[in-house]
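So the sequence shown is numbered by the UniProt record's numbering: it starts at 1 and just counts up by one. The beta-carbon is built from N, C-alpha and C at its ideal position, and this holds for glycine as well. This report refers to the structure that appears directly beneath it.
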Amino acid sequence: MRVNLGRTVSVYKEGLRVVSLDPSLDYERINIIGKTVRDKYGNAVGRVLDVIGNVKNPYALVKTTGKWNEETHVRVEGKRKVD
């Protein structure tokens, strides 16, 4: 499953970003922690460290590893958990 990340809410100087997530998705079933964040060209630009916030306003804590461009849509691809 592909999860599109939203806009950057905060940037920290250690290369950490807080990025908004789609609240309609269940992040317990779709585990994106540890997944690589890619831009629209498929280049790795970071890794998801944690999902924070509440259910109505979830955010991803992302450690950036490449050039992060707000103009370029970023996404995480992962598999849905099977019960």
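Nearest-angstrom beta carbon gap, residue j and residue i [assumed within contact, 8 Å]
i: Ala44; j: Gly15; result: With 8 Å as the limit, Ala44 and Gly15 do not qualify as a contact, their Cβ atoms being about 13 Å apart.
i: Val48; j: Ile33; result: 6 Å
i: Trp68; j: Gly42; result: So it is not a contact: roughly 15 Å between Cβ atoms.
Beta-carbon gap between residue i and residue j smaller than 8 Å
i: Tyr59; j: Val11; result: no
i: Arg17; j: Val62; result: yes
Three-state secondary structure assigned by DSSP to residue i
i: Pro23; result: coil
i: Ile30; result: strand
i: Arg7; result: coil
i: Val74; result: coil
i: Gly15; result: coil
Contacts around residue i, its chain only, beta-carbon distance under 6 Å, and the 5 residues preceding and following it disregarded
i: Asn4; result: Arg75
Neighbourhood of residue i by C-beta distance below 8 Å, restricted to the same chain and skipping five residues each side
i: Asn57; result: Ser20, Pro23
Own chain, CB closer than 7 Å to residue i, minus 5 neighbours either side, in chain order
i: Leu25; result: Val3
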